[in-house]
Amino acid sequence: MGAKEDFIARFGPVYEASPWVAEGVWPNPPADRDGLAKAMAAVVDAAPRERKLALIRAHPELASRTKMADASVKEQAGAGLDQCSPEEFEAFQRLNAAYNARFGFPFIFAVKGATRGDILAAFESRLANDPETEFETAIAQIHRIAGFRLADLI
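Under this note's numbering, residue 149 is the last one in the sequence shown; the count climbs by one each step, no gaps.
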């Protein structure tokens, strides 16, 4: 593998199923974590709305039993989402459906350091947002997730 392929293999998963973000900082990626995080966020922020929407939709629903990236599995398990009570699991399923129906994409929340209760409370409150606010909130949460993932890599 060449240098670009190595870089994409390492940093492509930072943004869920969207290696185009890592490709966007090549061939001059910043050497430090903060610089790389800012550069990758700038690639996302400069992307057309349709591409950002695809990035949002690439994320799995929270407390879902669908197949997801290894990083998502670890992040959700770290927040205890793999240990939901039947009532919590039902609440997540109900909120996922309501959220998706309202906004057309999954609820995005950087779960690291949060409890199931924190996540459910954010879910409930964000359902009241207008679509544009929620779109921007989802992108902001994706940047937080990417920051956590970069911190694990570097």
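We put the CB at the ideal spot given by N, CA and C, even for glycine.
Taking PRO14 as the centre and dropping the five residues before and after it, the same chain places the C-beta of ILE3, GLY7 closer than 7 Å to its C-beta, in chain order. When Cβ pairs closer than 8 Å are counted between the two stretches, the stretch 24 to 32 is seen not to touch the stretch 47 to 62, the count staying below three. Judged by pairs of C-beta atoms under 8 Å, the stretch 14 to 25 does not touch the stretch 65 to 80, as fewer than three such pairs exist.
Annotation: the stretch 29 to 101 contains the following complete segments of the alpha helix (DSSP H) (minimum length 4 residues), in chain order: 44 to 52, 65 to 73, 81 to 98.
Under the Cβ criterion (8 Å, minimum of three pairs), the stretch 124 to 143 does not count as touching the stretch 85 to 93.
The beta carbons of LEU57 and PHE102 sit closer together than 8 Å. In this structure, PHE104 lies near ALA117, with their beta-carbon atoms less than 8 Å apart. Nearest Cα to ALA42 within the set LEU122, VAL16, ALA64: VAL16. It is roughly 20 Å from the alpha-carbon of ALA49 to the alpha-carbon of VAL68. Counting the other CB atoms within 10 Å of its CB gives LYS(-1) a total below 16, which places it among the exposed residues. Pairing VAL20 with VAL38 gives a Cβ-Cβ distance under 8 Å. Within the same chain, and ignoring the five residues on either side of ALA72 in sequence, no residue has its Cβ closer than 7 Å to its Cβ.
Looking at the backbone, the Cα of PHE98 and that of PRO126 are separated by about 6 Å. Ranked by Cα distance from ILE134, the options GLU11, THR110, ARG5 are led by GLU11.
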